[in-house]
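Every position in the sequence shown, counted from 1, becomes a number in the UniProt record's numbering once 13 is added.
Note that beta-carbon positions come from the ideal geometry of N, C-alpha and C, so glycine has one too.
For clarity, every value in this text was computed on a predicted model and none was experimentally measured.
Let me begin by presenting the structure, written as C-alpha cells, before commenting on it.
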Amino acid sequence: KVLEGNDLQSLAKYMKSDSCRNICLMLGAGVSTSAGIPDFRSPGTGLYSNLARLNLPCPEAVFEMDFFRSNPVPFYTLAKEIYPSRYRPTLTHSFIKVLHSHGLLHTCFTQNIDTLERRAGVPEEKIIEAHGSFATQKCIDCKDPYDDAKIEKAILNSEIPRCERCKGLVKPNIVFFGEALPKRFYQSALSLELEGDADLLIVMGTSLTVNPFASMADRVKGCPRVLINLNEVGNFHRQDDIVLLGKCDDIVRRLCRELGWEEELDREWEA
Ligand code: OAD
14 KVLEGNDLQS LAKYMKSDSC RNICLMLGAG VSTSAGIPDF RSPGTGLYSN
64 LARLNLPCPE AVFEMDFFRS NPVPFYTLAK EIYPSRYRPT LTHSFIKVLH
114 SHGLLHTCFT QNIDTLERRA GVPEEKIIEA HGSFATQKCI DCKDPYDDAK
164 IEKAILNSEI PRCERCKGLV KPNIVFFGEA LPKRFYQSAL SLELEGDADL
214 LIVMGTSLTV NPFASMADRV KGCPRVLINL NEVGNFHRQD DIVLLGKCDD
264 IVRRLCRELG WEEELDREWE A
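See below:
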C-alpha cells in the first residue's frame, strides 16, 4: 500500500513525496459546471434532461451523425448555449495548470469539448480531448476545414454554417456517437495502462458512463486512484483508492491548502 490512509491529507502527503512525479487526470463535464456550462446527466440541470424542447427522438440524438445530417438545428441550438467563448475556466481548471507548473502533470484526459483546459493555460500537448472539441471544425462531406471566426459568428447568430466549397454541413470536430475517438487518445491510454505511466490517477466530474473513456479508469493498474465527484461513480474499491465527494472546486481548494499551494491556485485563477 502506497498511501498512509484514504483521505485528503494522505493524498497531499503522497503528492509531495518523490514517489509521485506523474499525475494523470480523467475529466468530465462536472469540472465545468461552476463555469455555468451544464453537465449531461445530472437530473434536472443536465443537458440531456433539458433537450425535450428540441424534439429529439432521444437526448443523445443531438450528438448522432445521421440525425445531424437530417436535422442540424438541435445540435446548433445546443452549441450556441454551450459555446466555449461565453465561459471562463473554473478553479479546477486552474488546479490543472498548477499541477503543470509543479512539473507533475503527465496527461490530462478530458471528455469535455469546451476547451477550458487549454484556456486555463495547460499546454495542448498535455491535453487529450478524447471527445474532440469546439476548437476546430470541418465540412462533413468534403472535409474542408472551416474558419474559426466564421463558425463562431454563425453559431452565436443562430445560423447553420455551410461549407464554402460544397455547401455541406460544417460540424465542430466533436466526436459524435459512433465516430472514432482521436488516435492520440488510444495511444496515450494504452501507454497509461500497459506502461504504467502514472504515479497517480485523478478522476473528476464524470459519471464514468461513456466508453471507451470510462473503462480506462479500471484498466489503470499499480497506482493510487482518486475520485473527486458530487456522487459516487465507477469502481473505486481498491486499497489505494481515495473517494472525495463534493464540488470539485471545493475539494481542489482544500487539497491545495494542504499542499501549500492555495495562494498560487488563487493567483492562477484570477489571472
Ligand atoms: P455527466 O453529465 O454524465 O456526468 C457529470 C458528473 O459530474 C456527474 O456524476 C455529476 O454528479 C458530477 N458533477 C457535476 N457537477 C460537479 C461539481 N461541481 N463537482 C464535482 N462533480 C460534479 O458528464 P460526463 O461524464 O462528462 O459526450 O459525460 C460523458 C460524455 O457523455 C460527454 O463527453 C458527452 C456525453 O454524451 C460528448 O460530448 C460527445
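Beta-bridge pairing of residue 12 - partner residues as DSSP gives them = Past the edges of the chain, shown from 14 to 284, lies residue 12, and the structure says nothing about it.
task = Indicate whether C152 and C176 have their beta-carbon atoms separated by less than 8 Å.
result = In this structure, C152 lies near C176, with their beta-carbon atoms less than 8 Å apart.
task = Flag S47 as yes when its Cβ comes closer than 7 Å to any non-hydrogen atom of the ligand OAD, and as no otherwise.
result = yes
key: Meets three-Cβ-pair contact criterion under 8 Å: the segment 158-176 and the segment 104-117   = no
task = Under 6 Å from any heavy atom of the ligand OAD, by CB: list those residues in chain order, please.
result = G41, A42, G43, T46, S47, D52, F53, R54, S55, G59, F76, Q124, I126, H144, I187, V188, G218, T219, S220, T222, V223, N242, L243, N244, V246, K260, C261
ask   = Under the three-state reduction of DSSP, which class applies to T222: helix, strand or coil?
value = coil
request  = Out of T90, L278, F53, point me to the one whose CA is closest to L67's CA.
outcome  = T90
message = Between the alpha carbons of G273 and E281, how many angstroms are there, rounded?
response = Cα to Cα, the separation comes out at about 14 Å.
ask   = Can you find at least 3 beta carbon pairs, one from the segment 94-105 and one from the segment 30-46, that sit closer than 8 Å?
value = yes
key: Spatial distance of K26 from Y159 (CA atoms)   = Distance between the alpha carbons of K26 and Y159: 48 Å.
Three-state secondary structure assigned by DSSP to I173 = coil
key: Beta-carbon proximity of residue 294 to L182, cut-off 8 Å   = Nothing about residue 294 can be read from this structure; the chain reaches only from 14 to 284.
inquiry  = Check whether the segment 75-84 and the segment 187-206 are in contact - that is, three or more C-beta pairs closer than 8 Å.
reply    = Here the segment 75-84 lies against the segment 187-206, with 3 or more beta-carbon pairs under 8 Å apart.
query = Roughly how many angstroms lie between the CA atoms of K93 and S220, to the nearest whole one?
reply = 24 Å
inquiry  = Among N125, A133, L205, R251, whose alpha-carbon lies nearest the alpha-carbon of residue 10?
reply    = The shown model of the chain, from 14 to 284, leaves out residue 10, and the question about it has no answer.
task = Let me know the beta strand (DSSP E) ranges lying completely inside the segment 77-147, each 3 residues or longer, listed in chain order.
result = 118-123, 140-142
message = Taking 8 Å as the limit between beta carbons, can you name the residues of its chain near R266, skipping five residues before and five after?
response = L104, E275, L278
inquiry  = Strictly by DSSP, which residues pair up with V256?
reply    = L240
ask   = Can you tell me whether S201 is buried or exposed, with buried defined as 16 or more other CB within 10 angstroms of its CB?
value = Per the 10 Å Cβ criterion, buried.
query = Can P237 and L16 be called in contact, C-beta distance under 8 Å?
reply = Less than 8 Å separates the beta-carbon of P237 from that of L16.
request  = Tell me whether T58 sits in a helix, a strand or coil according to DSSP, three-state version.
outcome  = Collapsing the DSSP output to three states places T58 in coil.
ask   = What three-state label does DSSP hand L268 in the structure shown?
value = helix
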